[in-house]
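Take the sequence shown: its letter number 119 is residue 175 in the working numbering, and every next letter is one higher.
Note that CB positions come from ideal geometry on N, CA and C, so glycine has one too.
These numbers were taken from a predicted model, which means no experiment stands behind them.
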Amino acid sequence: MMILHHGSRSSASRRVRLCLEEKGIAYEGHVVDMAAMEHHSPEYLKINPLGVIPTLIHEGQPLHESGTICEYLDETFPDPPLRPDTPHQRAEMRNWIRHIDGLIGNLIIFNWRHHLQKTASQWTDAELAEKLKNIPSKERQEAWLRVARKPYTEEERDAARAKLVALLDKMEEALKPFGWLAGKSYSIADIAAAPFVKRIDEEIAPDEMTPKKHPRVADWWTKLQARPAYARADFGPFVTS
Ligand SMILES: N[C@@H](CCC(=O)N[C@@H](CS)C(=O)NCC(=O)O)C(=O)O
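Shown next, in the form of structure tokens:
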């Protein structure tokens, strides 16, 4: 049985769950406790050297990077296809994944303050220093330091929001020909965008999701949410209390 190490609210995990559900693949989910820094433990770093979620284990082999995992799943289980037909459109799909991956820092600014900040702010300086030591990337060390000690300011949030709204502008343009991001059909590019759009819609900039502001994105989002796989992929509300 395939195993997915993931988190309910993690955007990258949501992508992989969506892909698995689109394909109707059964899997065993292992929820990783990010507040307990389980993903920086030596055991976890063995299966995911970046110390992030998700990680897929298939036939005993671990794989990280949600975009890569989705492509792997599509190659291994081609039906229904989630990649466009032509090499050019597939290349465009990869560029979308890459672009959206590059925006993750802006999402973290909004996401981590809800659940992780409470825990991280209670660590002593010694505990924090110990935890930071285990984080493989400098960028994420900084993110944890910020969430624990120096929460992002309103100005930083505004700048992050603007970058995420720019994603909607870019999507609006790309959706013009077919209503999907890469090629004529729903693909891994759309899957990559879904968790970001979900957060923009529910908290970050809901006013930007109206048919007046971004009509094609609004339509795309309605279509995507109507897919049966979306209901099964656990895109529950981010803030629950
Ligand atoms: N590019 C990676 C990003 C993975 C990622 O950033 N995962 C987040 C959750 S969405 C995470 O594990 N954050 C914990 C941390 O950075 O300590 C992917 O798509 O798999």
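If I measure Cβ to Cβ from residue i and keep anything under 8 Å in the same chain, skipping five residues before and after, which residues do I get?
| i | result |
| --- | --- |
| valine 108 | Ala68, His95, His120, Arg196 |
| glycine 161 | Glu195, Ala199, Ala216 |
| arginine 213 | Ile165, Phe166 |
| threonine 142 | Gly239 |
| histidine 86 | Ile59, Leu60, His61, His62 |
| arginine 70 | Ala250, Pro251, Lys254, Ala289, Asp290, Phe291 |
| glycine 123 | Arg71, Arg150, Ile153, Arg154, Asp157, Ile244, Ala248 |
Is residue i helix, strand or coil by DSSP?
| i | result |
| --- | --- |
| valine 295 | coil |
| proline 136 | coil |
| valine 87 | strand |
| isoleucine 109 | coil |
| glutamine 117 | strand |
| histidine 270 | coil |
| methionine 57 | coil |
Considering only residues of the same chain and omitting the five flanking positions on each side of residue i, which have a CB-CB separation below 7 Å?
| i | result |
| --- | --- |
| glutamate 228 | His270, Arg272, Val273 |
| isoleucine 191 | His96, Gly107, Gln197, Trp200 |
| lysine 219 | Leu159, Asn162 |
| glutamate 258 | Pro293, Phe294 |
| alanine 285 | Leu74, Glu77, Glu78 |
| proline 267 | Ala274 |
| leucine 280 | Asp246, Ala250, Tyr286 |
With respect to 7 Å, is the separation between the Cβ of residue i and the closest non-hydrogen atom of ligand 1 below this value?
| i | result |
| --- | --- |
| glycine 123 | yes |
| methionine 149 | no |
| isoleucine 256 | no |
| valine 108 | yes |
| alanine 63 | With the sequence shown as reference, residue 63 is identified as glycine, and alanine is not the correct amino acid for it. Within the cutoff, so yes. |
| serine 97 | no |
| arginine 169 | no |
| arginine 196 | yes |
| isoleucine 160 | yes |
| methionine 90 | yes |
| aspartate 290 | no |
CB-CB under 6 Å to residue i, same chain, minus the five flanking residues each way: which ones, in chain order?
| i | result |
| --- | --- |
| leucine 101 | Gly107 |
| methionine 57 | Glu84 |
| valine 203 | Trp168, Leu172, Gln173, Ala176 |
| leucine 231 | Arg272, Trp276 |
| alanine 245 | Met149, Trp152, Leu237, Ala238 |
| isoleucine 103 | Thr111, Pro118 |
What is the C-beta distance between residue i and residue j, in whole angstroms, given that I count them as a contact (C-beta under 8 Å)?
| i | j | result |
| --- | --- | --- |
| isoleucine 153 | alanine 287 | That belief does not hold up - the Cβ atoms of isoleucine 153 and alanine 287 are roughly 23 Å apart, past 8 Å. |
| serine 243 | methionine 149 | 5 Å |
| valine 72 | isoleucine 156 | Wrong, their Cβ atoms sit about 14 Å apart, outside the cutoff. |
| proline 137 | aspartate 130 | 7 Å |
| glutamate 264 | leucine 237 | So it is not a contact: roughly 17 Å between Cβ atoms. |
| phenylalanine 234 | lysine 240 | 5 Å |
| tryptophan 179 | lysine 189 | That belief does not hold up - the Cβ atoms of tryptophan 179 and lysine 189 are roughly 13 Å apart, past 8 Å. |
Is any heavy atom of ligand 3 found at a distance shorter than 7 Å from the C-beta of residue i?
| i | result |
| --- | --- |
| isoleucine 165 | With respect to ligand 3, the structure offers nothing, as its ligand set consists of ligand 1. |
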